[in-house]
Amino acid sequence: MTESQNPESVWDYPRPPRLEATARQLRITHGGILLAETTRALRILETSHPPVYYIPQADIAMQFLIPSSSRSSFCEFKGSAVYWNIDLSAEVDEPGSSTVSEDAAWSYPHPTASYTALRDHLAFYANRVDECTVDGAVVMPQPGDFYGGWITSHVKGPFKGAPGTRGW
């Protein structure tokens, strides 16, 4: 399946998830800083989930990301994930402003064989940064506090993540 102008139904996505390249323009901003911009991302497509975009580290302002020591997770398909905090404290001088977004991104430093292309890529939670866009469209975060899919007009649900959907 290729990306098109017609919305994709997340119920047509496979399980196990499919990994594919995308040329869509992705942008992430936080605290007035452009954290990432790329047309060289990868996306994971999994039944009932909006796409999760993985951005190459070369297209991320990595000086603002520090490894998190408070969180890790395991995916039966992709392997062990590590998390990243965004720290803008060196850039933001406004008193009282929050300069750290904890566990805002994650990556798979040693992905399973089927997902080796994810190495050196990060995915970001849309609800832990100020704005994410796909081809200029502002992203809505996937419901819930665990999944990190990005919802735009390019996809249609219903989406897993809201209360009562964990067992879908």
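In my numbering, the protein residues as written are 1012 to 1179.
Note that CB positions come from ideal geometry on N, CA and C, so glycine has one too.
Just so it is clear, the structure is predicted and the values come from calculations on it, not from any experiment.
Between Q1016 and S1164, what straight-line distance do the alpha-carbon atoms span, to the nearest angstrom?
-> Taking the first residue of the sequence shown as position 1, residue 1016 is located at position 5. Taking the first residue of the sequence shown as position 1, residue 1164 is located at position 153. Looking at the two C-alpha atoms, the distance is approximately 9 angstroms.
Identify every residue that forms a DSSP beta bridge with W1117.
Along the sequence shown, read from residue 1 onward, the residue named residue 1117 stands at position 106. For W1117, which the question treats as bridged, DSSP gives the partners Y1094 and A1134.
message: Does chain B have any CB closer than 8 angstroms to the CB of N1138?
response: In the displayed structure, chain B is absent; only one protein chain is listed.
>> Going by DSSP, what residue range makes up the beta strand (DSSP E) through E1142?
In response: The residue given as residue 1142 occupies position 131 in the sequence shown. Element bounds for E1142: E1142 to V1145.
query: Roughly how many angstroms lie between the CA atoms of T1144 and S1118, to the nearest whole one?
result: Counting from one through the sequence shown, the residue named residue 1144 turns up at place 133. Counting from one through the sequence shown, the residue named residue 1118 turns up at place 107. Each residue's alpha carbon lies about 20 angstroms from the other.
**OP:** Tell whether a beta-carbon distance below 8 angstroms holds between R1038 and E1057.
**Re:** The residue labelled residue 1038 in the question sits at position 27 within the sequence shown. The residue labelled residue 1057 in the question sits at position 46 within the sequence shown. No.
Given 8 angstroms as the limit, is there contact between the segment 1068 to 1087 and the segment 1126 to 1137, that is, 3 or more CB pairs closer than that?
-> yes
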